[in-house]
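For reference, the structure is listed below as structure tokens.
Residue numbers (the numbering used here): 16 to 290.
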């Protein structure tokens, strides 16, 4: 049992030129949503990926219960937003679980130092050694980013995946590698780097914590997806990426500790899990 509320502005240019009354209703609306989150009724509230509507997720309410709650939203009552509530029909989301389906965190210990770990996480050459088939980066004005120089906030990164032989959700095997472009969203060398994900629909962040006493680092990977009306994509991102990151972080450990890349390089990769 779960439900999703979709909020749409009644006036098309509301966000560009809100009236005093609309601003007042919006402030009360945000406070109302914060109250729902604090009470545990809502796990996520925010704009869709294109910004055209707002999405409010009720993991434990039926559509009827969620609709009753949203009638009390000051912006809905004032006619600033329309509200449409739907039952959450997805198999995973519909369980009523308190699991955060918008993201996850994975952690691994590696016997290396922070400098070597950072090089693997924050340079094009490093990312290709354990993760990407090819990594290319540019400055904001289109100049090629040096492959051995740490990426910085504002850079553009093209991620090319080793996808030949991989099976998609339809059971179709890929015959070519696939690429997506993302922004470098945040860097704090040599401890933290955040990269766009799913062509800007989310982000991944690597955090490096050194342990000087025993010569190792802890690498924490966090993935988050933005609130979106495309909930099938959220399911795919959670399940597929969670499995994928478990392998890639293990491969990072293998490369740094033993110099061995566990990814399959043979031409026949159909159905192979270590891509």
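In this text, a Cβ means the ideal position worked out from N, Cα and C, and glycines have one as well.
Sequence-distant residues of the same chain with beta carbon closer than 6 Å to residue i, five excluded per side
| i | result |
| --- | --- |
| residue 219 | 210, 212 and 238 |
| residue 51 | 57 |
| residue 36 | none |
| residue 139 | 150, 152 and 162 |
Inter-residue CB distance, residue i and residue j (contact presumed, cutoff 8 Å)
| i | j | result |
| --- | --- | --- |
| residue 253 | residue 73 | Wrong, their Cβ atoms sit about 18 Å apart, outside the cutoff. |
| residue 19 | residue 123 | In fact, because the Cβ distance is near 34 Å, the residues do not count as touching under 8 Å. |
Minimum C-alpha distance to residue i - residue among the options
| i | options | result |
| --- | --- | --- |
| residue 271 | 230, 259 and 158 | 230 |
| residue 90 | 256, 144, 24 and 249 | 24 |
| residue 154 | 199, 124, 127 and 175 | 199 |
| residue 62 | 263, 146 and 240 | 240 |
| residue 29 | 95, 79 and 83 | 95 |
| residue 121 | 274, 88 and 258 | 258 |
| residue 49 | 27, 83 and 88 | 88 |
| residue 67 | 21, 76, 59 and 45 | 21 |
| residue 83 | 202, 195 and 99 | 99 |
| residue 173 | 249, 157, 81 and 196 | 196 |
| residue 217 | 116, 130, 75 and 232 | 116 |
Beta-bridge pairing of residue i - partner residues as DSSP gives them
| i | result |
| --- | --- |
| residue 153 | 159 and 171 |
| residue 137 | Per DSSP, none; premise fails for residue 137. |
| residue 98 | 22 |
| residue 121 | 236 |
Sequence-distant residues of its chain with Cβ nearer than 8 Å to residue i (five each side left out)
| i | result |
| --- | --- |
| residue 27 | none |
Residue-chain proximity (residue i, chain D), Cβ-Cβ < 8 Å
| i | result |
| --- | --- |
| residue 22 | This model lacks chain D altogether; it includes just one protein chain. |
Practice item. Note down, one range per segment and in chain order, each beta strand (DSSP E) of at least 3 residues found wholly within the region 155–235. Key: 171–176, 193–203, 207–212 and 217–226
Review point. Unbroken beta strand (DSSP E) runs of length 3 or more, entirely within the region 35–95: which are they?
Key: 59–62 and 69–73
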